[in-house]
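In the numbering used here, the protein residues as written are 53 to 536.
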């Protein structure tokens, strides 16, 4: 995941103190989704992502009010790898946005057509002006190179006339295409930097480029966990920040999607897996935003700013009973999170801040300027508690909030890695309080969800599988053995 807002206190392997064992935390729901079979659906080879075997799973056709989309040709079972794709264009950490233009120049004709065939959002206000400014600077500095390459390829339409109007016409064409390419990349790229461990040889050679700008509406990739970054060898530390995958870019957004895309660091592909059964004829969808229970207005604002469209998925349709119930569930979750954050924070700090809404992680960006009498009473009581007792109480409260979040996810039908991550956090909390059996159930539920999103060959899944097997062995070793 990217930033985890759930704040687990202890690692999975840490045991509870004898005093903590007396505390019984809230029970956590494990009925959000039907369990995966012990053997996950067979994964298509990522190296064959453009072969007939993969294409038979879906077809590209017109999606109402969305342009093109991917649709299931027959029922796609939960956990099936629908698509695996290597990046067409990618940027390393620290590279300039206009480096994309240099990479685009080096594409072959077919790849360039795939790139220019993608939809794009021109940006709003100052973002649009900034995009034109950086494109103009790059085009002027690289015009001579463009002319030389065009002449070498025998492209008469790109030959530069000796006249001033001819030069201006060529510059205008180059500028228009540069803006289009920048917009396509920004509208269709996935942000891999904070969550994926990518081998350095995935990146193309360095282009000639100028300009810089970081304002863009990029799809968040919930690809691999923070643990992946810590355990990865130096040669596989994050190398790519942003990457474009043309086939996956055809997948449209939904706030309650039926698929999820995650990066596979060994195969060096971005893989799309079905997170639930997808009937024949249903559109395959992913969530362009990180899922942390944001309300409809918050989601709409981000999608309109970053992508230029208004979402009309079932979760955003408040004219239906299901849409209203989902929105109410999200609101209850947000209220619970806000209330709990106040309890986790010193009341003096609470009083000095104002309520500025919710951040990208779904948590309040600032706390309420006042707390209720009941909240203040709880804060005062917590301050008087011995530290160990206070931590026990806070963990129990955290479990209550997580249960509220899981109820929201159930209402919305969301079963991606964000939910698996929550179950792992819950397992840590339960293990810290001595509830080993409940911790095991939570961890195994998280593992099932993660397996559906990643596939059985993903390093993060295999690592979690081994960790949970170790927990199971520890639990078995702790049981008393009856004397024969």
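For each residue, glycine too, the CB sits at the ideal point set by N, CA and C.
All values reported here derive from a predicted model rather than from experimental measurement.
Touching by the beta-carbon criterion (3+ pairs, under 8 Å), the segment 485–498 and the segment 507–514: no
Cβ-based burial, residue 514 [other Cβ within 10 Å; buried from 16]: exposed
Of the listed residues 297, 389, 391, nearest to residue 169 (C-alpha basis): 297
Simplified DSSP state of residue 517, which is helix, strand or coil: helix
Helix, strand or coil at residue 477 according to DSSP, with G and I counted as helix: helix
Rounded straight-line distance, which links the Cα of residue 239 to that of residue 233: Roughly 10 Å between the two C-alpha positions.
Cβ-based neighbour list, residue 126, same chain, cut-off 7 Å, excluding 5 preceding and 5 following: 332
The beta strand (DSSP E) enclosing residue 176, as first and last residue numbers: Unbroken run through residue 176: none, as it is neither H nor E.
Distance, residue 357 Cα to residue 110 Cα: 30 Å
Residues that residue 111 bridges to, as DSSP identifies them: Residue pairing from DSSP places residue 111 in a beta bridge opposite 123.
Own chain residues within Cβ distance below 6 Å of residue 429, not counting five before or after: none
In DSSP terms, what residue 143 is bridged to: 294
Cβ-Cβ distance between residue 502 and residue 516 below 8 Å: yes
8 Å Cβ cutoff met for residue 347 and residue 383: yes
Counted within 10 angstroms of its Cβ, other Cβ atoms place residue 287 as buried (16 or more) or exposed: Annotation note: pLDDT 44 at residue 287 (below 50); position unreliable, coordinate value reported separately. Exposed.
Given residue 131 as reference, the closest of 176, 179, 311, 180 once Cα atoms are compared: 311
Where the alpha helix (DSSP H) through residue 436 begins and ends: 425–436
Enclosing beta strand (DSSP E) for residue 326 [first to last residue]: 321–326
Spatial distance of residue 523 from residue 504 (CA atoms): 21 Å
From 175, 427, 481, residue whose alpha carbon lies closest to that of residue 443: The residue with the shortest Cα to Cα distance from residue 443 is 481.
Cβ-based burial, residue 438 [other Cβ within 10 Å; buried from 16]: exposed
Buried/exposed call for residue 293, threshold 16 Cβ in 10 Å: Result: buried.
Test item: CB-CB of residue 123 and residue 113 under 8 Å: In terms of Cβ geometry, residue 123 and residue 113 form a close pair [threshold 8 Å].
Burial state of residue 377, where buried means 16 or more other Cβ atoms lie within 10 Å: exposed
Three-state secondary structure assigned by DSSP to residue 343: Three-state DSSP puts residue 343 in coil, outside helix and strand.
Option in 317, 527, 200 with minimal Cα separation from residue 139: 317
Residue 497 burial status per 10 Å Cβ neighbour count (16 or more: buried): So residue 497 counts as buried.
Cβ of residue 128 within 8 Å of any chain C Cβ: Looking for chain C here will not work: only one protein chain is present.
Boundaries of the beta strand (DSSP E) in which residue 135 is found, first to last residue: 133–137
Where the alpha helix (DSSP H) through residue 455 begins and ends: Counting along the chain, the alpha helix (DSSP H) containing residue 455 begins and ends at 439–464.
Beta-carbon spacing of residue 300, residue 135 below 8 Å: It is a contact, given that the beta carbons lie within the stated cut-off.
Beta bridge counterpart(s) of residue 335 as assigned by DSSP: 123
Member of 506, 499, 492 whose CA lies at the smallest distance from the CA of residue 526: 492
Residue 312, DSSP secondary structure in three states: strand
Residue 433 versus residue 460 - alpha carbon distance: 30 Å
Minimum C-alpha distance to residue 119 - residue among 190, 163, 302: 302
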